[in-house]
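Engineer: Questions regarding the structure given below will be posed in turn.
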């Protein structure tokens, strides 16, 4: 994969020309309906367009980069533009006109295209309404990312004549709401069979895999995460490769983005303010798949207005919230992890988050490689991991520690098969806010550990006999999950846990002491969130 380029500006320009338009500019107008899933999109859009109505309508097409917004808009334009007096497809507005002060230039270009006149010159923004108010027009504004762009091109419905239609594609739902555009088509990801078909068309030139390539094609499709642009780009890369070459390339695809896909997705990241970029990285590297309440409470002190910031990411299609769980597309999560990796390409202990198996093994097995730069660690590997007893001494600023395990619980869990070696642990970071360490192999947390800042603890399926020695202040603790900690014999004094709301002691069969089990009306033996 072409993972890196020296000239990022030239790369983005190349991508905008060669990749973003791959599925639209190269397709003859008569063939749009043959694109996978396009017929259903057209049927859904026709319900919003209501072309039989004489009213003026504005419709938004909303979704993440690479989902197919521009392709859908191009298909609509191809089908319906002959039915209008004037029509224009303004593409790549975000890249072509990024500055709010370019409104006059933008409207000038718009009028030149829709009127098919090269010599149009305007001196104020009222010209468009004067020239088009009695014309039935079809306007497609592709990849809008600022309200000022809409103000220059289609500020009011009455700018256009009866029966006109304005279609706006964007990643940012807030722009549509602010205009306001209330008719919004959210583009969803293709079904599994459609995703495989998109990939196969690009990789094999047909709708299904070659004989012997079925499992490989399914795995690549899953890794790309059903994003149409990713399926197209990666499929084109694999085209013509032998089965052995496919197998050779798969490990790299599992951990790194293709360079072209990375460049397109990063355009969305680059438009965020610094704090929202930081929140994006927190989710990509640690909080993806966790309940929104847990995310909000863990990050409340890290980010002012955390709820509003999460809403910004959702409205820009960078995350979604499904049944209360925050979800980020696999490719976006890979983008975030790649951004973090580039913070210190050759010194993983200097990065903000540790998420790569090899890097984690290297840093945790050597107590000298970490640093205060690290604030989050997600350990997902299933192979044996040796953890130095001083692994966290130099990483005193770690706030989020997750040791998730690669197993599905369908019955009794055997504690004696921990996939890592940890005989002793001298310290844990003082700044920890979330300690999510299932299958913890020790009988007690380090005596020096201060849990003062902990908001949540999940140590299910552990060998713990008790959490810690003595009494400790845990006034910030809100959730304590100890599911099936079958060796657990006693709980700590919870009298200082004044904010504790959830405690799960399910199947803690050895638990003998229940001191202070009900401070502040906490709901015990009940876990509210499926996604800790």
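Residue numbers (my numbering): 64 to 595.
Virtual Cβ for every residue (Gly too), placed ideally from N, Cα, C.
Predicted model, so just to flag it, every value in this text is computed and none were measured.
How big is the Cα-Cα spacing for residue 208 and residue 273?
Structural biologist: Your numbering for residue 208 matches position 145 in the chain shown. Your numbering for residue 273 matches position 210 in the chain shown. Looking at the two C-alpha atoms, the distance is approximately 41 angstroms.
Engineer: Would you mind giving the Cβ-Cβ distance between residue 448 and residue 442, rounded to the nearest angstrom? I have them listed as a contact below 8 angstroms.
Structural biologist: Working through the chain shown from its first residue, we reach residue 448 at position 385. Working through the chain shown from its first residue, we reach residue 442 at position 379. The Cβ separation is near 7 angstroms, so the contact holds.
Engineer: I'd like the ranges of any alpha helix (DSSP H) spanning at least 4 consecutive residues and lying wholly in the stretch 331-414.
Structural biologist: Counting only runs of 4 or more, we get 337-345, 355-362, 369-378 and 393-404.
Engineer: On the DSSP bridge assignment, give the partners of residue 465 in chain order.
Structural biologist: For this step, residue 465 is matched to residue 402 along the chain shown. Paired residue(s): 441 and 499.
Engineer: Less than 7 angstroms between C-beta atoms, sequence neighbours within five positions excluded: which residues of the same chain meet that for residue 343?
Structural biologist: Locating residue 343 in the chain shown gives position 280, where the first residue counts as 1. The answer, listed in chain order, is 332, 335, 376, 381 and 399.
Engineer: Under the rule that 16 or more other beta-carbon atoms within 10 Å means buried, what is residue 325, buried or exposed?
Structural biologist: Taking the first residue of the chain shown as 1, we reach residue 325 at position 262. Classification of residue 325: buried, given that the 10 Å Cβ count is 16 or more.
Engineer: For residue 511, count neighbouring Cβ atoms within 10 angstroms of its own Cβ and tell me buried if that reaches 16, exposed if not.
Structural biologist: On the chain shown, position 448 is the one that residue 511 refers to. Counting Cβ neighbours within 10 Å, residue 511 comes out exposed, since fewer than 16 surround it.
Engineer: State whether the stretch 186-193 contacts the stretch 119-139, with contact taken as three or more CB pairs (one from each stretch) at a distance under 8 angstroms.
Structural biologist: No, the stretch 186-193 is not in contact with the stretch 119-139.
Engineer: Helix, strand or coil: which one does DSSP assign to residue 238?
Structural biologist: Locating residue 238 in the chain shown gives position 175, counting from the first residue. The answer is helix: DSSP assigns residue 238 an H, G or I state.
Engineer: Which residues does DSSP list as the beta-bridge partners of residue 207?
Structural biologist: Position 144 of the chain shown holds residue 207. According to DSSP, which records beta bridges pairwise, residue 207 is partnered with 233.
Engineer: Which residues mark the beginning and the end of the alpha helix (DSSP H) in which residue 277 is found?
Structural biologist: Taking the chain shown and counting its residues from 1, one reaches residue 277 at position 214. Start and end: 277-287.
Engineer: Going by C-alpha to C-alpha distance, which of 200, 177, 229 and 99 sits closest to residue 122?
Structural biologist: Working through the chain shown from its first residue, we reach residue 122 at position 59. Comparing Cα positions, the closest option is 229.
Engineer: Excluding five sequence neighbours on each side, which residues of the same chain lie with their C-beta closer than 8 angstroms to the C-beta of residue 213?
Structural biologist: Here residue 213 is taken as the residue at index 150 of the chain shown, counted from 1. Excluding residues within five positions, the ones whose Cβ falls inside 8 angstroms are 204, 207, 231, 238 and 242.
Engineer: Please name the residue in 248, 252, 249 and 299 whose C-alpha comes closest to that of residue 269.
Structural biologist: Within the chain shown, residue 269 is the residue found at index 206, counting from 1. Cα-wise, what sits closest to residue 269 is 299.
Engineer: Which whole-angstrom value is the C-beta distance of residue 129 and residue 328, which I expect to be below 8 angstroms?
Structural biologist: To locate residue 129, count along the chain shown from 1; it is residue 66. To locate residue 328, count along the chain shown from 1; it is residue 265. Indeed they touch by this definition, with Cβ atoms about 7 angstroms apart.
Engineer: For residue 167, name the three-state secondary structure that DSSP assigns.
Structural biologist: Residue 167 sits at position 104 when you count from the first residue of the chain shown. DSSP places residue 167 in helix when its eight states are reduced to three.
Engineer: Taking one C-beta from the stretch 378-397 and one from the stretch 512-529 each time, how about it: are there three or more such pairs within less than 8 angstroms?
Structural biologist: Judged by Cβ distances under 8 angstroms, the stretch 378-397 makes no contact with the stretch 512-529, as fewer than three pairs qualify.
Engineer: In or out: residue 506 buried (at least 16 other Cβ within 10 Å) or exposed?
Structural biologist: Against the chain shown, residue 506 aligns to sequence position 443. So residue 506 counts as exposed.
Engineer: Alpha carbon to alpha carbon, how far is residue 191 from residue 174?
Structural biologist: Position 128 of the chain shown, counted from the first residue, corresponds to residue 191. Position 111 of the chain shown, counted from the first residue, corresponds to residue 174. Going by the C-alpha atoms only, they are around 7 angstroms apart.
Engineer: Who are residue 549's beta bridge partners in DSSP?
Structural biologist: Reading the chain shown from its first residue, position 486 is the one you call residue 549. DSSP output for residue 549 lists no bridge partner at all.
Engineer: Using DSSP's beta-bridge definition, name the partner residues of residue 122.
Structural biologist: The count along the chain shown starts at 1 and reaches residue 122 at position 59. Partner(s): 230 and 246.
Engineer: With C-beta atoms as the reference, is residue 535 less than 8 angstroms away from residue 514?
Structural biologist: Within the chain shown, residue 535 is the residue found at index 472, counting from 1. Within the chain shown, residue 514 is the residue found at index 451, counting from 1. Their beta carbons are under 8 angstroms apart, which means residue 535 touches residue 514 by this criterion.
Engineer: How many Å lie between residue 278 and residue 295 at the Cα?
Structural biologist: The sequence position of residue 278 within the chain shown is 215, counting from 1. The sequence position of residue 295 within the chain shown is 232, counting from 1. Each residue's alpha carbon lies about 18 angstroms from the other.
Engineer: Starting from residue 566 and walking both ways along the alpha helix (DSSP H), at which residues does that stretch end?
Structural biologist: Position 503 of the chain shown, counted from the start, is the residue given in the question as residue 566. First-last for residue 566: 565-567, but that is the beta strand (DSSP E), not the alpha helix (DSSP H).
Engineer: Rounded to a whole number of angstroms, what is the C-alpha to C-alpha distance between residue 155 and residue 265?
Structural biologist: As a working mapping, residue 155 is identified with position 92 in the chain shown. As a working mapping, residue 265 is identified with position 202 in the chain shown. Distance between the alpha carbons of residue 155 and residue 265: 24 angstroms.
Engineer: By Cβ distance, which residues of its chain are closer than 7 angstroms to residue 596, with the 5 residues on each side in sequence left out?
Structural biologist: Lying before the first or after the last residue shown, residue 596 is absent from the chain, which here runs from 64 to 595.
Engineer: What distance in whole Å lies between the Cβ atoms of residue 561 and residue 538, which are believed to be in contact at a cut-off of 8 angstroms?
Structural biologist: Locating residue 538 in the chain shown gives position 475, where the first residue counts as 1. Locating residue 561 in the chain shown gives position 498, where the first residue counts as 1. At roughly 6 angstroms, the Cβ-Cβ gap stays under 8 angstroms, so residue 538 and residue 561 are in contact.
Engineer: Does the distance from the CB of residue 459 to the CB of residue 427 come in under 8 angstroms?
Structural biologist: Against the chain shown, residue 459 aligns to sequence position 396. Against the chain shown, residue 427 aligns to sequence position 364. No. Outside cutoff.
Engineer: Within this structure, are the beta carbons of residue 369 and residue 359 separated by less than 8 angstroms?
Structural biologist: Taking the chain shown and counting its residues from 1, one reaches residue 369 at position 306. Taking the chain shown and counting its residues from 1, one reaches residue 359 at position 296. Going by C-beta atoms, residue 369 is nearer than 8 angstroms to residue 359.
Engineer: Determine the extent of the alpha helix (DSSP H) in which residue 298 is found, giving its start and end residues.
Structural biologist: On the chain shown, position 235 is the one that residue 298 refers to. Segment 291-301, the alpha helix (DSSP H) holding residue 298.
Engineer: Can you name the start and end residues of the beta strand (DSSP E) that residue 537 belongs to?
Structural biologist: Here the question's residue 537 lines up with position 474 in the chain shown. Taken as a continuous stretch (DSSP letters only), residue 537 belongs to no beta strand (DSSP E), as it is neither H nor E.
Engineer: According to DSSP, is residue 267 helix, strand or coil?
Structural biologist: Residue numbering aside, residue 267 sits at position 204 when the chain shown is read from its first letter. It is helical.
Engineer: Taking residue 517 and residue 488 to be in contact with their CB atoms under 8 angstroms, please state how far apart those CB atoms are, rounded to whole angstroms.
Structural biologist: The sequence position of residue 517 within the chain shown is 454, counting from 1. The sequence position of residue 488 within the chain shown is 425, counting from 1. Rounded, the Cβ-Cβ distance is 16 angstroms, inconsistent with contact.
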